[in-house]
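Enquirer: Pasting a structure below so you can have a look.
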Amino acid sequence: MNLIEFTKILHNPNLLSKDDSESLENIIREFPYFQAARVLHLNSLKKQSSFKYNAALKKTAAYTTDRSILFDFITTDDFTIENYITKEEQQKKENKAATEKPVTDKKTEVVQKNEVKEPVSRDDKVLPIGKPIPFKKNDSFSFNEWLNLTSMTPLRGENTDKKAAGKLSKKEELVDRFIKTNPKIKPSRSSDVTDYSQFSTVENENLMTETLAHVYLEQKKYTKAITAFRILSLKYPEKSSFFANQIEEIEKLQKNKS
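Residue numbers (my numbering): 1 to 258.
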């Protein structure tokens, strides 16, 4: 890929092809801090629904100065690649620490390699394993949880105050505590169930979502994923059969992995 071709797809990402994705991989390998190439590659993988997308998103997060900008990019349709690059460059100028080596510890690298090379089993075809995690604008908590589970720094900008950080930490503790104290929660035929009311404080903040369940599943936190889907069955009874199917497949996957 030459400079003219790169500039063309930068201005019009819809022109990205699978061959371009492979060319961008080579560019990133040679120039790991080249943000424009990274986000173009990420965009291409998402369009293909590639199993490489989640690992590439983690890697991009590791090389991103302000991950809130990355979150906006992947969750906002009108947030262009050019906007991303502009905001990222502005943040680098404001943040002297941007020149430091990115946070990519050994544990993270192992997870990335396992995710890319792991074969797809029969259960994986039914479950959304290996598919791009569909983060939405209201999924900042799920995105943070995902970064935490992958040993990366959470989505917190340099200027975020301690109070906001503490609030997020309390949310994380609240979800974890609920999952630990209600591991066997099951859907009830009645809409007014005690277990559901116990979850109301978390539910009011929209923390338990399908995206978060997907995050737990993708990170092989099967017990948490099962509990998440059971909670979702109570929140959305009209989708209970779908969630029950997901739980059944995860339990099969657990047995196969053991």
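Yeah, the Cβ is synthetic: ideal placement off N, Cα and C, and Gly gets one too.
In this text the structure is predicted, and so the values were computed from the model without any measurement.
If you draw a straight line from the C-alpha of Pro237 to the C-alpha of Val126, how long is it?
Expert: The residue labelled residue 237 in the question sits at position 237 within the sequence shown. The residue labelled residue 126 in the question sits at position 126 within the sequence shown. Cα to Cα, the separation comes out at about 21 Å.
Enquirer: Report the rounded CA-to-CA distance for Asn83 versus Lys47, giving the unit in angstroms.
Expert: In the sequence shown, counting from the first residue as 1, residue 83 sits at position 83. In the sequence shown, counting from the first residue as 1, residue 47 sits at position 47. Computed Cα separation, rounded: 19 Å.
Enquirer: The alpha helix (DSSP H) spanning Lys46 covers which residue range?
Expert: Here residue 46 is taken as the residue at index 46 of the sequence shown, counted from 1. Here the alpha helix (DSSP H) through Lys46 covers Gln35 to Lys47.
Enquirer: Just to confirm my understanding: we take Gln90, look at its own chain, exclude 5 residues before and 5 after, and list those with CB closer than 6 Å. What are they?
Expert: Mapped onto the sequence shown, residue 90 falls at position 90. Excluding sequence neighbours, Gln90 sits near nothing in its chain.
Enquirer: Let me check understanding here. Comparing Cα to Cα, which of Glu251, Glu218, Asp72 and Asn2 lies closest to Gly130?
Expert: For the purposes of this step, residue 130 is taken as residue 130 along the sequence shown, with counting starting at 1. Distances from the CA of Gly130 to each of Glu251, Glu218, Asp72 and Asn2 were compared; the closest alpha carbon is that of Glu218.
Enquirer: When the Cα atoms are used, what is the spatial distance from Ile28 to Phe34?
Expert: For this step, residue 28 is matched to residue 28 along the sequence shown. For this step, residue 34 is matched to residue 34 along the sequence shown. Distance between the alpha carbons of Ile28 and Phe34 is about 7 Å.
Enquirer: Apart from the five residues just before and just after Ala61, which ones in its own chain have a Cβ nearer than 7 Å to its Cβ?
Expert: Here residue 61 refers to the residue found at position 61 of the sequence shown. Around Ala61: Arg67, Leu70, Leu147 and Met152.
Enquirer: Compare the beta carbon distance of Ile85 and Ala37 with 8 Å and say whether it is the shorter of the two.
Expert: As a working mapping, residue 85 is identified with position 85 in the sequence shown. As a working mapping, residue 37 is identified with position 37 in the sequence shown. In this structure, Ala37 does not lie closer than 8 Å to Ile85 by Cβ.
Enquirer: To the nearest angstrom, how far is the alpha carbon of Thr223 from that of Phe143?
Expert: Position 223 of the sequence shown, counted from the first residue, corresponds to residue 223. Position 143 of the sequence shown, counted from the first residue, corresponds to residue 143. Distance between the alpha carbons of Thr223 and Phe143: 19 Å.
Enquirer: Between the alpha carbons of Leu212 and Ala228, how many angstroms are there, rounded?
Expert: As a position in the sequence shown, residue 212 is number 212, starting the count at 1. As a position in the sequence shown, residue 228 is number 228, starting the count at 1. Cα-Cα distance, rounded: 8 Å.
Enquirer: Ordered along the chain, which non-local residues of its own chain (more than five positions away) have a Cβ less than 6 Å from that of Glu22?
Expert: Against the sequence shown, residue 22 aligns to sequence position 22. Excluding positions up to five away in sequence, the list is empty.
Enquirer: In this structure, how does DSSP classify Ile69 when only helix, strand and coil are distinguished?
Expert: Here residue 69 refers to the residue found at position 69 of the sequence shown. Three-state DSSP puts Ile69 in a helix.
Enquirer: Quick check on the burial criterion: 16 or more other C-beta atoms within 10 angstroms. Buried or exposed for Asn54?
Expert: On the sequence shown, position 54 is the one that residue 54 refers to. By the neighbour-count rule (16 or more Cβ atoms within 10 Å), Asn54 is buried.
Enquirer: Quick check on DSSP: helix, strand or coil for Gln90?
Expert: Reading the sequence shown from its first residue, position 90 is the one you call residue 90. Three-state result, Gln90: helix.
Enquirer: With a Cβ-Cβ cutoff of 8 Å, do Ser44 and Leu15 count as a contact?
Expert: Within the sequence shown, residue 44 is the residue found at index 44, counting from 1. Within the sequence shown, residue 15 is the residue found at index 15, counting from 1. Not a contact, by the Cβ cut-off of 8 Å.
Enquirer: How far does the alpha helix (DSSP H) with Asn26 in it reach, from first residue to last?
Expert: Position 26 of the sequence shown holds residue 26. Asn26 -> alpha helix (DSSP H) spans Lys18 to Glu30.
Enquirer: Can you tell me where the alpha helix (DSSP H) holding Gln246 begins and where it ends?
Expert: Working through the sequence shown from its first residue, we reach residue 246 at position 246. Looking at the DSSP string, the run of the alpha helix (DSSP H) that includes Gln246 is Ser240 to Lys257.
Enquirer: Once the 5 residues before and after Phe31 are set aside, which same chain residues still bring their CB inside 8 Å of it?
Expert: What you label residue 31 is simply residue 31 of the sequence shown in a count that begins at 1. The residues are Ala37.
Enquirer: Quick check: the Cα distance between Lys220 and Lys239, rounded to an integer number of angstroms?
Expert: Locating residue 220 in the sequence shown gives position 220, where the first residue counts as 1. Locating residue 239 in the sequence shown gives position 239, where the first residue counts as 1. One C-alpha to the other measures close to 23 Å.
Enquirer: Quick one: grab the DSSP three-state call for Thr227.
Expert: The residue labelled residue 227 in the question sits at position 227 within the sequence shown. Note: Thr227 maps to helix in three-state DSSP.
Enquirer: Can you tell me the Cα-Cα spacing of Lys93 and Lys87, whole angstroms?
Expert: Reading the sequence shown from its first residue, position 93 is the one you call residue 93. Reading the sequence shown from its first residue, position 87 is the one you call residue 87. C-alpha of Lys93 to C-alpha of Lys87: approximately 10 Å in a straight line.
Enquirer: For Leu3, does the count of other Cβ atoms within 10 angstroms reach 16, so buried, or fall short, so exposed?
Expert: To locate residue 3, count along the sequence shown from 1; it is residue 3. It is exposed - the Cβ of Leu3 has fewer than 16 other Cβ atoms within 10 Å.
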